[in-house]
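Only one structure is covered here, and it is reproduced in the block below.
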Amino acid sequence: MPSIDLTQWRERGNSCVVNNRVLAIGRADRISPCVNCICTFEGIRCQSLRINDCNELFSSHSRQDILNDSVCKVQCAFSFGHNMRSQQSRRISTIFGFSQ
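Quick note on numbering: the sequence shown equals residues 11 to 110 in my numbering.
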């Protein structure tokens, strides 16, 4: 019979666990590019971050991290196509020696 990892359900008196990160009560952490969580006495509380500049998000986080974050996908869906086209355009310009 396979063993089950019950560590996620273990009670922690002064901390919370989210995405395999341990947060002390009262501490907050950005657990993904577009989600921030805080550990409270009642448990973990997470909320979506309002993204004002999707291009800045692309420059500060990996494409894969953004694609894995459903909050980012909703807020920056229009930027995905533009960002990918602009990256492709830069690669083509570099290959052919065009200046930007």
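Even glycine gets a Cβ: it sits at the ideal position worked out from N, Cα and C.
- Spanning the alpha carbons of R60 and V27 requires a straight line of approximately 23 Å.
- Considered as a whole, the stretch 52 to 94 harbours 64 to 70, 73 to 77 and 80 to 85 as its complete alpha helix (DSSP H) runs of no fewer than 4 residues, in chain order.
- Between C82 and L67, the C-beta spacing is below 8 Å.
- Distance from the Cα of D63 is smallest, within the candidate group C44, S80, I48 and D79, for C44.
- Here S42 is buried, its C-beta having at least 16 other C-beta atoms within 10 Å.
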